[in-house]
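Participant: Before I ask anything, let me first share the structure, which is written out below as C-alpha cells.
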Amino acid sequence: MKYRSAFDIIGPVMIGPSSSHTAGAARIGRVARTLFGKQPNKAIISLYGSFAKTYRGHGTDVAVVGGILDFDTDDERIPSSLTIAEEAGMEVTFTIEDTVMDHPNTVKIRLFDEEKELELVGISIGGGTIEITELNTFKLKLSGENPAILVVHNDVFGIISSVSTVLANHEINIGHMEVSRKEKGQMALMVIEVDQKIKLEIMKELEGLENVLQVIKMVE
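The sequence shown begins at 1 in full-length UniProt numbering and counts up by one.
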C-alpha cells in the first residue's frame with residue numbers, strides 16, 4: 001500500500017503496544033461511537049483473524065472499548081476502559097469468530113440503546129490507519145481521517161447531483177465519494193469525504209432535500 005507520510009508508518013501518538021492492534025482498534029471504536037452519536041447501553045464486539053488470536057495480549061479489547069467510550073488513541077484511560085465501561089453501565093460482550101475475512105485485522109461492532117442500533121465493520125491496515133468497510137450492511141470505504149458526511153437516501157435519479165450541488169454552492173470540495181445500495185430503487189448510502197468542515201446550515205440544507213432520509217456527520 002502507499003503511505004502519505006512518515007506518520008502512516010510510525011503510527012499515531014498512542015497507548016501501546018501495537019499501532020495496528022491497539023491504536024487502529026481504538027480508532028475503529030471511536031468511529032462507531034461518532035456514528036452512533038452517544039454512548040451506547042450495550043456493545044457486542046466480534047473479532048476476526050489476527051484480532052481474534054491476539055486481542056488480549058495486544059490490548060485490542062480495551063482499545064475498541066476505549067474508542068466506543070470516545071477515548072482518543074493516546075488517552076491514558078484506555079487500559080482501564082473495560083472497568084470504566086462497566087461503571088458507566090455499558091454492557092460489553094466479545095465474540096471470537098472463525099470466519100476468514102478479507103483482512104486479518106477485522107472487527108465488527110454492534111452498538112445498542114433503547115432507541116436504535118448500529119452495526120459497523122472496520123479493518124486496521126497498519127500504522128494506526130483504518131478503513132470502515134461496512135455500515136448497517138452497506139458496503140463502503142471510510143478512513144475516518146477527513147471531514148465526512150454519510151447521506152442515507154432513496155435510490156432515485158438526480159439525488160447525487162442534488163447533494164453535490166449543495167456542497168458546491170457552499171464551496172465544499174469533495175475528496176472522495178462513493179454510493180452503495182442494497183437493491184435498485186431501494187435505500188442507498190452516499191459516503192462523501194471533503195476538505196472543509198461541514199457547517200450546521202449545510203447539514204440542514206442536505207436534510208431538506210427530497211428523497212434524503214438521513215444525514216450523518218463525522219466529527220472533525
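Beta carbons: idealized from backbone N, C-alpha and C, even for Gly.
1. Hey, out of F94, V62 and I45, whose CA is closest to A26's CA?
2. So A43 and M90 are in contact, right, with Cβ under 8 Å, and what is the actual spacing, rounded?
3. Measuring CB atoms only, is the stretch 128-144 touching the stretch 77-93, in the sense that at least three cross pairs come out at less than 8 Å?
4. Nearest-angstrom Cα distance between N136 and E205?
5. What is the residue span of the alpha helix (DSSP H) that I160 lies within?
6. DSSP state of K199, grouped into three classes?
7. Does DSSP classify K139 as helix, strand or coil?
8. Please determine whether the Cβ atom of G175 lies at a distance below 6 Å from any heavy atom of the ligand ATP.
9. List the whole-angstrom C-beta distance separating H103 from I125, where the pair is believed to meet the contact cut-off of C-beta under 8 Å.
10. So is E210 buried or exposed if we call it buried at 16+ other beta carbons inside 10 Å?
11. Quick one: using the 10 Å Cβ neighbour count with 16 as the cut-off for buried, is K184 buried or exposed?
12. At what residues does the beta strand (DSSP E) containing A43 begin and finish?
13. Alpha carbon to alpha carbon, how far is M190 from H58? Give it in angstroms, no decimals.
Facilitator: According to the structure data:
1. Taking the first residue of the sequence shown as position 1, residue 26 is located at position 26. When C-alpha distances from A26 are compared across F94, V62 and I45, the shortest belongs to V62.
2. Within the sequence shown, the letter at position 43 stands for residue 43. Within the sequence shown, the letter at position 90 stands for residue 90. Indeed, because the Cβ distance is near 6 Å, the residues count as touching under 8 Å.
3. No contact exists between the stretch 128-144 and the stretch 77-93.
4. For the purposes of this step, residue 136 is identified with residue 136 of the sequence shown, where counting begins at 1. For the purposes of this step, residue 205 is identified with residue 205 of the sequence shown, where counting begins at 1. Those two C-alpha atoms are separated by around 24 Å.
5. The residue given as residue 160 occupies position 160 in the sequence shown. The continuous alpha helix (DSSP H) containing I160 extends over residues I159 to N169.
6. Position 199 of the sequence shown holds residue 199. Three-state result, K199: coil.
7. Walking along the sequence shown from the start, residue 139 turns up at place 139. Three-state result, K139: strand.
8. This structure does not include the ligand ATP; it has no bound ligands of any sort.
9. Locating residue 103 in the sequence shown gives position 103, where the first residue counts as 1. Locating residue 125 in the sequence shown gives position 125, where the first residue counts as 1. Indeed they touch by this definition, with Cβ atoms about 7 Å apart.
10. The residue given as residue 210 occupies position 210 in the sequence shown. By the Cβ-count criterion, E210 is exposed, with fewer than 16 other Cβ atoms from all chains shown falling within 10 Å of its own Cβ.
11. Working through the sequence shown from its first residue, we reach residue 184 at position 184. Exposed is the call here.
12. Reading the sequence shown from its first residue, position 43 is the one you call residue 43. Element bounds for A43: K42 to Y48.
13. On the sequence shown, residue 58 is found 58 positions in, with the first residue counted as 1. On the sequence shown, residue 190 is found 190 positions in, with the first residue counted as 1. Computed Cα separation, rounded: 34 Å.
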